[in-house]
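>
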Amino acid sequence: MPRLLRHERREAVLELRRPRGVQAAELQWRRRGRLLRRLLRLRALTRPAPGLDSPAVSAVPVERVDDLQAYAEAVASCTRCRLSQGRTQVVFGAGNPHAELMFVGEAPGFHEDKQGLPFVGQAGKLLEKLLAGIGLARGDVYIANVLKCRPPGNRDPQPDEIEACESHLFRQIELIEPTIVATLGNFATKLLSGRPLGITRVHGQEQQTTLGGRSVTLYPLYHPAAALYTPAMLKVLESDFTRIPELLGRVLTPPEPELALVAEPATPPAEQLGLF
Ligand code: URA
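Residues in the sequence shown are numbered consecutively from 217, following our numbering.
1) Report yes if the C-beta of N361 is less than 6 Å from at least one heavy atom of ligand 1; otherwise report no.
2) Taking the beta strand (DSSP E) that L427 belongs to, which residues open and close that run?
3) So with Cβ pairs under 7 Å, would you call V306 a contact of chain C?
4) Measure the C-alpha to C-alpha separation of Y287 and V307 and round it to an integer number of angstroms.
5) Straight-line CA distance for H327 to A448?
6) Can you tell me whether A443 sits near ligand 1, meaning its C-beta is under 6 Å from at least one heavy atom of the ligand?
7) Between P368 and G302, is the Cβ-Cβ spacing less than 7 Å?
8) With a threshold of 6 Å, establish whether the CB of G321 neighbours any heavy atom of ligand 1.
9) Return the CA-CA distance between G311 and V281, expressed in angstroms with no decimal places.
10) Are the CB atoms of H384 and V291 within a distance shorter than 7 Å?
11) Output yes or no for whether 7 Å exceeds the beta carbon distance between P436 and T405.
12) Just to confirm my understanding: we take R298, look at its own chain, exclude 5 residues before and 5 after, and list those with CB closer than 6 Å. What are they?
13) Quick one: does the C-beta of G325 sit closer than 6 Å to a heavy atom of ligand 1?
14) Which whole-angstrom value is the C-beta distance of A441 and A348, which I expect to be below 8 Å?
15) Go ahead and pull the three-state DSSP assignment for P436.
16) When you measure from the CB of P334 to every non-hydrogen atom of ligand 1, does any distance come out below 6 Å?
17) Over what stretch of residues does the alpha helix (DSSP H) that includes N402 continue unbroken?
18) Could you check whether the segment 456 to 467 touches the segment 423 to 430, counting it as contact only if at least three pairs of C-beta atoms, one from each stretch, sit closer than 8 Å?
This is how it looks when you write it as structure tokens:
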């Protein structure tokens, strides 16, 4: 099982012992981000394969990565709806196939359709900035959309297009097995929550739901493209984003016993425990 390196363990202990308010906020976030990224990677590597109880038997679930890749290749020639006729290519999704945190947007736009990757335009830049603000990068998460093909002129997805495409998304979630699915905007939120409540009502309110046969935390957020042009919405989105580490902490367990042991003598403030 992978272990934290000596300096990382020391860093984790220091982080747990650090008195409140001693560090500058920026330094604190950088540390938390590094530690969180490391924990996310360890967690992904030590997660039991489906059907296995003991983390000791867990192998890196290579089959799931292969399955995801094979599924992406199959979807690349999808013709289930009219959008296949106007697309440059299918935008399947991208990121860490073992991600704990998955984002689901609406549909590819102009740049995504050209490059074959989700969120590579202005909204994507904002998403990356928001991720950086909580110490994460694109490679730490998985990003996909409700629709895999660009609607003409970036119009809203039509109900029959969503219906034709949704099983691709559900299969992706099944294979990636994220613990948190952050939905960006109305379409992803309504589809994955199975409820008609709009994003203005439900943003920032996590809910447990079952996706891909597993219990996941659904975390609805405003769509970055909407926030780009509405400063008030951007503020809310930024604020909702700051809760993501806490939500990840809630589902992450310390990946190795030593971490808990070395942390024992100090009594860390409750808010720091939230990191794990
Ligand atoms: N908006 C989305 O919803 N998805 C993308 O991939 C890009 C912009």
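Glycine included, C-beta positions come from ideal geometry on N, C-alpha and C. In this text, all values refer to a predicted model and were calculated from it rather than measured experimentally.
Once the coordinates are examined:
1) yes
2) Q423 to L427
3) No chain C is present in this structure, which holds just one protein chain.
4) 12 Å
5) 26 Å
6) no
7) yes
8) yes
9) 11 Å
10) The Cβ-Cβ distance between V291 and H384 falls below 7 Å.
11) yes
12) none
13) yes
14) Between A348 and A441 the Cβ distance is about 18 Å, and since that is not below 8 Å, they are no contact.
15) strand
16) yes
17) Per DSSP, N402 belongs to the alpha helix (DSSP H) from N402 to S409.
18) no
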